[in-house]
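In full-length UniProt numbering, the protein residues as written are 1 to 114.
We put the beta carbon where it would ideally sit given N, CA and C, even for glycine.
Note that the coordinates shown come from a computational prediction; the quantities given were computed from them, not determined experimentally.
Notes for the one structure printed next.
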């Protein structure tokens, strides 16, 4: 029978990994990092992952951006990372329910000072 990690233990593991992930991508100079999903809602279970929406000014295509951030983080737990430019966010916000919800209900973990 597989081991099922208790909720508090899973939450602690995810928060430690989140902290490590943020520290490993700050040097990439993102505009904003938003945490969304179960960690923000507080409904963590044994299958919960880390969900990040990152705003990053770049000319790289979408899939290449993901590669850059996954390579920088090298996650030790399941992690979903979305990387959009500010222009893309402005186009998607209000039109794409998933992105709108992530931004409205998410928690800003980092925002570049202007």
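Residue pairing from DSSP places residue 80 in a beta bridge opposite 51.
Membership of residue 111 in the beta strand (DSSP E) is indicated by the continuous run 107-111. The C-beta of residue 70 has fewer than 16 other C-beta atoms within 10 Å across all chains shown, which makes the residue exposed.
The beta carbons of residue 21 and residue 89 sit no closer together than 7 Å.
Boundaries of the alpha helix (DSSP H) harbouring residue 18: 7-25, taken from the DSSP string. Straight across, the Cα-Cα distance linking residue 92 with residue 98 is about 9 Å.
Three or more Cβ pairs closer than 8 Å define a contact, and the region 30-45 meets that threshold against the region 102-111.
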